[in-house]
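Taking the working numbering, the leading residue of the sequence shown gets 2, the next gets one more, and so forth.
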Amino acid sequence: MYRLIRNIAIAALFISALWASSCNKENDFYEVGRQPVSLTRPQADTVIILDYEQPDSLFTFAWSSRRHFINYKLHFGLDEAFTTSCEQDPGVSESWKLTTMQLDSVLSSMKVGIGETVRLYWTVTVVDPTVGWCDEVRQLTITRCDLPTGLILLTSPENEAEILLDKKTPEAEVAFSWECSSTVPDYKLLLSLDPLFPEEGTLSTECGSETSHAFTTQEMDEWLAADGVEKNTAATVYWKVTGTGDLNNPIENSSVREVSIRRVTKDPVALTLAAPEADGEVLLDADLAEENVRFEWSCDTTGVDYTLRLYDAEFEKEATFETGEECHFEISQSDLDLLLEQTFGMVASQKKKFVWNVVPSDPERATAEEEDRTVIIRRFEAVTAADPITLTEGPADGAEFHLDYGSRDEVLATAAWECNARNVTYALEYSLDAEMNAPKVRPLTTEKSVEMTHALLDGLLSDLGGAYLTRTIYWRITSTVNIKTMPSEIRSLRLTGMLRPYTDLRDPENPEVYEVVKIGEDFWMAENLRAMKYSDGTAFTTVDEIYGNPAAKSYTDELIADPKIRGVYYSWPTALRTYDEATDAEDTRMQGVCPDGWHVSTMQEWRALQTAAGSDATRIKSAQYWTGNTGTNELGLDIVPAGKFWHGNVGAPDNAVDKASFWTTTKANATTAQMFEVFGWSNEIVPWNFNSRPWSEGDGTASMLVNVRCVRDRD
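Okay, structure coming up:
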């Protein structure tokens, strides 16, 4: 009986919420369905007088709809029935701009006479009537340009056009064109950096009866240079066209237009190789293994990145190094020796002639004077026998440690060793593989011991992808100069990772830190996820945004003013990223919006959580914020009330003070997904399924947004 009453109450709340929102435009659930279109600009009965002396003035026709990405047609007519009409194609834009002369051409196409005043009707239609409609028609009074018979009209380039001169194509054309209804025998094209066109500095070109003229890139660049414009600098150029007629055929000069013309780039700065000198020798010395070999060059410019290239012409092998804007590159002798061995196949003591050069990222700004330089490099000299590293102290093979975040600086064991090699920097080598394949290396010092603290061992485990988990790792001591030493024996450690806060570094400038708790066998984030892009840096570009719905959003109110506490609300497609791969299985693991090594919590994991909590929500609810039944947070999950956004475009979530909802990876049917919810009015942990897909893929309702909890991968 209690469950029946509860379900009836919940259904009533749901229906009342739908009714209330249908009365409130801000909470209109159906705004992504078929929507009306309203005309906004210009206002009805606006008066427009077109002036040919201002040919580039803009007139904007605009409209709006709560639905985005609609294809429109803009219609002009001379009556409400649009029997005489002209059509424009703005596409998905909600506005359309026409210059004076473009709007005059619209009127001309409908046989409106020069200087004639008419009533002009306008409206828009929706190409796909299933997504919207417009019932409104507006009218305005408009007068065509009173064009003189002999007016010269500029056609190209358009006003405020941008022209980039390219030094690679000096013969490319920069064309200017115009038109006139009268015959003009003596057109003159004028260009100037001064809108008053003073005689000095104005480029004047006689064009005869031609209605266009083209300058080459080189001609235009030379003219700008003569007027003092620096290379790679944009200048505003004013242009107009004049002509003469007679008493029976008067000619009206054109208006003035302005364009932006950028000069060609500067001549590239010379890049000069400095060190090593040509045909010089670099003799690597194992006793100086940590000293650096330095390559240097000079280039007096900025904004250019460099790539150093070391090339073996005999075997056609090479190594490259990106140096950014730095005009040098340093590499330790030990690292260079290893490179010579692994990349170029050289043996100890071998000498080889190499070619080295530097390639600038922008050849228009920097170029090498000396394309290649040779250098002779010798590897470390061979030794008769490498000195062994012998462990004298350390954790026994197979030792087990449970790592503790609260004791992270405590020393669990000290590893010590003996080795007779001189000037050696030692390193800790570790792997998940007993044969030490694909190992990680952590440099140490010249000291022959290392303290194995909780933090150091947890770092090794984390480097190998085992943070929080229990794994066997294999380790040994080696050195950075392999030809001088032999690694120590391999030992194993059985480590259980620290239960420590997790730092999400997908946004390095604003890292997010989450508390982590272990419940049963699972490691849960004890906070709602706050990520605003995927772990690889990709922005949220799910189907929600395509149809104008937010993929994610946050919310605060008087109860919880800190947005980090409630975290981010996500649509189901955004939360899962590859939501179309979801099934009705309860154990489907999908990373989605979670960090690498974590995944969106599954139905199976929520059911395990129910079991661990004894189906008592008070044990996982925060002791703060809840109205009604508060929590004890005994298991540390710290669930706070956040509610759910029934639609991403509404202003506030429902039940923000007495409900928490979390997506799972399980699909219920074609348009719904499973979530788990916790309530302020009861102490249950309840699975539900709600609409999760955008209207275009389901039953017409929009995606809702709820929170996400991430769980650590265990394999």
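Glycine included, every Cβ here is placed at the ideal spot set by N, Cα and C.
Practice item. Measure the beta-carbon distance from Phe355 to Ile378 and round it to whole angstroms, keeping in mind my assumption that it falls under 8 Å. Key: By 1-based counting over the sequence shown, the position of residue 355 is 354. By 1-based counting over the sequence shown, the position of residue 378 is 377. Phe355 to Ile378, Cβ: 6 Å. Contact.
**Study point:** Inter-residue spacing [alpha-carbon to alpha-carbon] between Met705 and Lys660
**Key:** Taking the first residue of the sequence shown as position 1, residue 705 is located at position 704. Taking the first residue of the sequence shown as position 1, residue 660 is located at position 659. CA-to-CA, the gap between Met705 and Lys660 works out to about 15 Å.
Review point. Would a C-beta distance cut-off of 8 Å place Thr426 and Pro444 closer than the cut-off?
Key: Along the sequence shown, one-based indexing puts residue 426 at 425. Along the sequence shown, one-based indexing puts residue 444 at 443. Closer than 8 Å, so yes.
Exercise for review: Grab me the residues of Leu413's own chain with a C-beta within less than 6 Å of its C-beta, minus the 5 sequence neighbours each way, in chain order.
Suggested key: Numbered from 1 along the sequence shown, position 412 holds the residue referred to as residue 413. Excluding positions up to five away in sequence, the list reads Phe402 and Met453.
Point to revise | Terminal residues of the alpha helix (DSSP H) in which Ser333 lies | key: Taking the first residue of the sequence shown as position 1, residue 333 is located at position 332. From DSSP, Ser333 is part of no alpha helix (DSSP H) but of the beta strand (DSSP E) over His329 to Ser333.
Exercise for review: Taking the CB atoms as reference points, tell me whether Ala657 and Gly644 lie closer together than 8 Å.
Suggested key: Here residue 657 refers to the residue found at position 656 of the sequence shown. Here residue 644 refers to the residue found at position 643 of the sequence shown. Closer than 8 Å, so yes.
Point to revise | Bridge-paired residues (DSSP) for Val412 | key: What you label residue 412 is simply residue 411 of the sequence shown in a count that begins at 1. The partner list for Val412 (beta bridge, DSSP) reads Thr454.
Point to revise | Among Arg139, Arg590, Gln55 and Thr628, nearest to Leu152 - alpha-carbon criterion | key: If you number the sequence shown from 1, residue 152 lands on position 151. By alpha-carbon distance to Leu152, the top candidate from Arg139, Arg590, Gln55 and Thr628 is Gln55.
Check your understanding: Exposed or buried, Asp639, counting other C-beta atoms within 10 Å across all chains shown (16 or more means buried)?
Key -> Locating residue 639 in the sequence shown gives position 638, where the first residue counts as 1. Answer is buried; the Cβ neighbour count reaches 16.
Point to revise | Glu201 versus Leu225 - alpha carbon distance | key: Counting from 1 along the sequence shown, the entry for residue 201 is found at position 200. Counting from 1 along the sequence shown, the entry for residue 225 is found at position 224. Distance between the alpha carbons of Glu201 and Leu225: 13 Å.
**Study point:** Proximal residues to His284 (C-beta, below 6 Å), its chain only, five neighbours per side dropped
**Key:** Along the sequence shown, read from residue 1 onward, the residue named residue 284 stands at position 283. In the sequence as displayed, the identity of residue 284 is Leu instead of His. Within the same chain, Leu284 has close Cβ partners Arg379.
Check your understanding: Exposed or buried, what is Glu161 when buried is set at 16 or more other beta-carbons lying within 10 Å of its beta-carbon?
Key -> Against the sequence shown, residue 161 aligns to sequence position 160. Flag for Glu161 reads exposed.
Exercise for review: Report yes if the CB atom of Ala609 is closer than 8 Å to the CB atom of Gly593, and no otherwise.
Suggested key: As a working note, residue 609 is residue 608 in the sequence shown. As a working note, residue 593 is residue 592 in the sequence shown. Contact: no.
Practice item. Use the C-beta contact count for Phe70: other C-beta atoms within 10 angstroms, 16 or more gives buried, fewer gives exposed. Key: Residue numbering aside, residue 70 sits at position 69 when the sequence shown is read from its first letter. It counts as exposed.
Practice item. For the alpha helix (DSSP H) holding Arg472, just list the boundary residues, first then last. Key: As a position in the sequence shown, residue 472 is number 471, starting the count at 1. Taken as a continuous stretch (DSSP letters only), Arg472 belongs to no alpha helix (DSSP H), being part of the beta strand (DSSP E) at Thr471 to Ser480.
Point to revise | Alpha carbon of Leu165 to alpha carbon of Val260, nearest angstrom | key: Translated into positions along the sequence shown, residue 165 becomes position 164. Translated into positions along the sequence shown, residue 260 becomes position 259. Between the C-alpha atoms of Leu165 and Val260 there is a straight-line separation of about 11 Å.
Check your understanding: Would you call the CB atoms of Pro364 and Glu253 closer than 8 Å?
Key -> What you label residue 364 is simply residue 363 of the sequence shown in a count that begins at 1. What you label residue 253 is simply residue 252 of the sequence shown in a count that begins at 1. Going by C-beta atoms, Pro364 is not nearer than 8 Å to Glu253.
Review point. Closest to Arg507 by CA distance: which of Leu340, Thr273 and Pro596 is it?
Key: On the sequence shown, residue 507 is found 506 positions in, with the first residue counted as 1. Nearest neighbour of Arg507 by Cα position, chosen from Leu340, Thr273 and Pro596, turns out to be Pro596.
Review point. Short check: CB of Tyr556 to CB of Ala653, under 8 Å?
Key: Working through the sequence shown from its first residue, we reach residue 556 at position 555. Working through the sequence shown from its first residue, we reach residue 653 at position 652. In this structure, Tyr556 sits near Ala653, with a CB-CB distance shorter than 8 Å.
Point to revise | Nearest-angstrom Cα separation, counted from Leu51 out to Gly116 | key: Mapped onto the sequence shown, residue 116 falls at position 115. Mapped onto the sequence shown, residue 51 falls at position 50. Taking the straight line from one Cα to the other gives about 9 Å.
**Study point:** Close-in-space but distant-in-sequence residues of the same chain around Tyr73 (CB under 6 Å, 5 per side omitted)
**Key:** Along the sequence shown, read from residue 1 onward, the residue named residue 73 stands at position 72. Excluding residues within five positions, the ones whose Cβ falls inside 6 Å are Pro91 and Val125.
Point to revise | DSSP state of Gly304 mapped onto helix, strand, coil | key: Here residue 304 refers to the residue found at position 303 when the sequence shown is read from its first residue. For Gly304, the secondary structure class from DSSP, reduced to helix, strand or coil, is coil.
Check your understanding: What distance in whole Å lies between the Cβ atoms of Ile332 and Asn293, which are believed to be in contact at a cut-off of 8 Å?
Key -> For the purposes of this step, residue 293 is taken as residue 292 along the sequence shown, with counting starting at 1. For the purposes of this step, residue 332 is taken as residue 331 along the sequence shown, with counting starting at 1. Your pair Asn293 and Ile332 checks out as a contact, with CB atoms roughly 6 Å apart and the cut at 8 Å.
Point to revise | Coil, strand or helix - Glu587 by DSSP | key: Stepping through the sequence shown from its first residue, residue 587 is reached at position 586. Reduced to three states, the DSSP call for Glu587 is coil.
Review point. So, using beta-carbon positions, are Val712 and Phe663 closer together than 8 Å?
Key: As a first step, residue 712 must be located in the sequence shown, where it is residue number 711. As a first step, residue 663 must be located in the sequence shown, where it is residue number 662. Contact flag unset, no.
Point to revise | Opposing strand residues paired with Glu174 [DSSP bridges] | key: Numbered from its first residue, the sequence shown carries residue 174 at position 173. According to DSSP, Glu174 bridges with Thr217.
Check your understanding: For Arg472 versus Glu430, is the C-beta spacing smaller than 8 Å?
Key -> Taking the sequence shown and counting its residues from 1, the one referred to as residue 472 is at position 471. Taking the sequence shown and counting its residues from 1, the one referred to as residue 430 is at position 429. No, they are not a contact pair.
Point to revise | Top-ranked residue by Cα proximity to Arg578, from Ala562, Arg501, Leu392 and Tyr535 | key: The residue you call residue 578 lines up with position 577 of the sequence shown. Residue Tyr535 is the option with its Cα nearest to Arg578.
Check your understanding: Considering only residues of the same chain and omitting the five flanking positions on each side of Thr344, which have a CB-CB separation below 7 Å?
Key -> Here residue 344 refers to the residue found at position 343 when the sequence shown is read from its first residue. For Thr344, where only same-chain residues beyond five positions count, the Cβ hits under 7 Å are Lys318 and Ala320.
Point to revise | Exposure label - Arg258; buried when at least 16 CB within 10 Å | key: Taking the first residue of the sequence shown as position 1, residue 258 is located at position 257. By the beta-carbon neighbour count (other beta carbons within 10 angstroms, threshold 16), Arg258 is buried.
Review point. Thinking C-alpha only, which one of Ala383, Ser408, Thr375 and Cys420 is nearest Leu392?
Key: Position 391 of the sequence shown holds residue 392. For the residues Ala383, Ser408, Thr375 and Cys420, the minimum Cα distance to Leu392 belongs to Cys420.
Review point. If you draw a straight line from the alpha carbon of Gln625 to that of Glu559, how long is it in whole angstroms?
Key: Looking up residue 625 in the sequence shown gives position 624. Looking up residue 559 in the sequence shown gives position 558. Near 14 Å, if we compare the C-alpha coordinates of Glu559 and Gln625.
Review point. So Ala275 and Glu297 are in contact, right, with Cβ under 8 Å, and what is the actual spacing, rounded?
Key: On the sequence shown, position 274 is the one that residue 275 refers to. On the sequence shown, position 296 is the one that residue 297 refers to. Correct: roughly 4 Å between the Cβ atoms.
**Study point:** Contained beta strand (DSSP E) runs [length at least 3] in the stretch 86-158, N- to C-terminal order
**Key:** You should have 86-92, 96-100, 118-127, 139-144 and 154-157.
Check your understanding: Taking the alpha-carbon positions, what's the Ala583 to Val679 distance?
Key -> The sequence position of residue 583 within the sequence shown is 582, counting from 1. The sequence position of residue 679 within the sequence shown is 678, counting from 1. Their Cα atoms are separated by approximately 24 Å.
Check your understanding: Given that a residue counts as buried once 16 or more other Cβ atoms are within 10 Å of its Cβ, and exposed if not, what is Val128?
Key -> Taking the first residue of the sequence shown as position 1, residue 128 is located at position 127. Under the 10 Å beta carbon count, Val128 is surrounded by fewer than 16 other beta carbons and is classified as exposed.
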